[in-house]
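Note that our numbering has the sequence shown beginning at 5, numbered continuously upward. Beneath this line is the structure, given in structure tokens, with notes to follow.
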Amino acid sequence: MSRLARSLGLIATSSLALLGACSSSSRTDNTARDQQNLVEQATTIVSTTFNDPQHKRPQELLKKSRAVMICPSISNVSLVFGGSGGHCVLLSRDARNSWSDPAFYHIGSGSFGLQLGYQNTQLVLFITSKNGLQALLDHQFTFDANASASFTTLSGSAQDSNVSGAGSDIYVMEKSNGVFVGASIGGSKLTSDSTADRNYYHQQVGPEDIVINMRVNNSAADPLRRALMKAGGEQTTTMKQHDISEAPL
């Protein structure tokens, strides 16, 4: 092989490697932007839902909650198969009433909103106990009779609850097309999204690192944290800054 051919081969190999690196970086940036869009959608839900004078139950539950999960958009995949899917954020509150940064989750299966023919649903989970929060931190949680935490919907529908009466670990509120409806969550599964967490905070972290130990902070999520503090009646001026590991977008 001539010297020129070898040189051209090296240049081609280097170019392909560079393109691969750029492509990987672009995918990471796009994913991080997707997560930020999700955070901003969650912020909008908190700002509108929890400040609605006609619906005081969400505010009352938020004040009692140790954590909250917000799923801004759950879409039905197929009316025939009844599948649904969407993405969620989980935040917890510490002893000083400061909210953590969001951990990312995926929700799948189930048949959200199908009973009324809705195509798009917003879901809010109020986690009122340590047991409920721990169940969600175990990377995967299924809403069924064998769930490790008790749950019920605001409508009190028997088919969507594994307890009778008050005292649930998790309360579920569903809003479809701007209307509060009885949630249909039976069989739905929540799974932590480690890829989204890594891309948003630029390091490998798990849900417990984010919402319990509060090891990381992305300042782009601060508006969501402030919105939760305002909705819960806390002073936003005392919002704790997690400065151990700052990860701006």
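All C-beta atoms, glycine included, are put in the ideal place defined by N, C-alpha and C.
Which first and last residues belong to the beta strand (DSSP E) in which Q126 is found?
Counting from 1 along the sequence shown, the entry for residue 126 is found at position 122. Counting along the chain, the beta strand (DSSP E) containing Q126 begins and ends at 124–131.
So what does R97 bridge to, in DSSP terms?
As a working mapping, residue 97 is identified with position 93 in the sequence shown. Beta-bridge pairing links R97 to W103.
Collapsed DSSP secondary structure at M233 in the structure displayed
Here residue 233 refers to the residue found at position 229 when the sequence shown is read from its first residue. In this structure, M233 counts as helix in the three-state DSSP scheme.
Out of P106, F145, R61, which one is the CA nearest neighbour of G112?
Within the sequence shown, the letter at position 108 stands for residue 112. Taking only the C-alpha atoms, the option nearest G112 is F145.
Could you name the residues of the same chain whose beta carbon sits closer than 6 Å to that of S196, not counting the 5 residues immediately before and after it, in chain order?
Residue 196 sits at position 192 when you count from the first residue of the sequence shown. The residues are Y109, H143, P211.
Where the beta strand (DSSP E) through S196 begins and ends
Reading the sequence shown from its first residue, position 192 is the one you call residue 196. From DSSP, the beta strand (DSSP E) with S196 extends over 193–196.
Between the segment 61–80 and the segment 124–131, are three or more C-beta pairs nearer than 8 Å?
Yes, they touch.
From F54 to Q63, what does the alpha carbon distance come to, in whole angstroms?
Here residue 54 refers to the residue found at position 50 when the sequence shown is read from its first residue. Here residue 63 refers to the residue found at position 59 when the sequence shown is read from its first residue. Near 6 Å, if we compare the C-alpha coordinates of Q63 and F54.
How far does the alpha helix (DSSP H) with Q138 in it extend, from its first residue to its last?
Locating residue 138 in the sequence shown gives position 134, counting from the first residue. Run containing Q138: 134–141, per the alpha helix (DSSP H) assignment.
Excluding the 5 residues preceding and the 5 following G237 in the sequence, name in chain order all residues of the same chain whose CB lies nearer than 7 Å to its CB.
In the sequence shown, the residue the question calls residue 237 occupies position 233. Closer than 7 Å at Cβ, skipping near neighbours: K67.
Supposed close pair L194, L140 - CB separation, criterion 8 Å
Here residue 194 refers to the residue found at position 190 when the sequence shown is read from its first residue. Here residue 140 refers to the residue found at position 136 when the sequence shown is read from its first residue. Contact between L194 and L140 holds: CB atoms are separated by about 6 Å, below the 8 Å threshold.
Give the DSSP bridge partners of T146, in chain order.
Mapped onto the sequence shown, residue 146 falls at position 142. For T146, the beta-bridge partners assigned by DSSP are K193.
With distance defined between alpha-carbon atoms, name the residue in S192, D201, D213 nearest to Q138.
The residue given as residue 138 occupies position 134 in the sequence shown. Ranking the options by Cα distance to Q138, first place goes to D213.
Cβ neighbours of P227 in the same chain (closer than 6 Å, five flanking residues each side left out):
Position 223 of the sequence shown, counted from the first residue, corresponds to residue 227. Taken in chain order, the residues that qualify are T47.
Candidates M218, C92, N124, R61: closest to A99 by CA position
Residue mapping note: residue 99 aligns to position 95 of the sequence shown, counting from 1. Per the Cα distances, M218.
Is it buried or exposed, S28, if we count other Cβ atoms within 10 angstroms and call 16 or more buried?
Start at 1 with the first residue of the sequence shown, and residue 28 comes out as number 24. Residue confidence is low: S28 scores 40 on pLDDT, short of 50, so the model does not pin down where it sits. No coordinate-derived value is stated.
Specify the secondary structure class of K179 as computed by DSSP and reduced to three states.
As a working note, residue 179 is residue 175 in the sequence shown. Correct three-state label for K179: strand.
Closest residue to G90 among D105, T125, V209, A153 (Cα-Cα distance):
Numbered from its first residue, the sequence shown carries residue 90 at position 86. The residue with the shortest Cα to Cα distance from G90 is T125.
With distances taken Cα to Cα, identify the nearest neighbour of N221 among G136, E44, T52, W103.
Position 217 of the sequence shown, counting from 1, holds the residue named residue 221. The candidate whose alpha carbon is nearest that of N221 is W103.
Rank R230, I49, L42, T35 by C-alpha distance to the C-alpha of M177 and give the top, closest one.
Indexing the sequence shown from 1 puts residue 177 at position 173. The candidate whose alpha carbon is nearest that of M177 is I49.
Starting from A71, follow its DSSP beta bridges and name the residues at the other end.
Residue 71 sits at position 67 when you count from the first residue of the sequence shown. For A71, which the question treats as bridged, DSSP gives the partners S96, I131.
Would you mind sorting T157 into buried or exposed? The rule is 16 or more other CB atoms within 10 Å of its CB.
For this step, residue 157 is matched to residue 153 along the sequence shown. T157 comes out buried.
Under a three-way DSSP split, which group does G86 fall into?
Mapped onto the sequence shown, residue 86 falls at position 82. Per-residue confidence for G86 stands at a pLDDT of 48, beneath the threshold of 50, marking its modelled position as unreliable; the derived number appears in the next sentence. G86: coil per DSSP, three-state reduction.
Please confirm whether G136 and F155 have their CB atoms less than 9 Å apart.
Along the sequence shown, read from residue 1 onward, the residue named residue 136 stands at position 132. Along the sequence shown, read from residue 1 onward, the residue named residue 155 stands at position 151. Result yes, Cβ atoms of G136 and F155 sit closer than 9 Å.
Looking only at its chain, what residues have a beta carbon closer than 6 Å to the beta carbon of A200, apart from the 5 residues adjacent to it on each side?
Here residue 200 is taken as the residue at index 196 of the sequence shown, counted from 1. Excluding residues within five positions, the ones whose Cβ falls inside 6 Å are Q39, F108.
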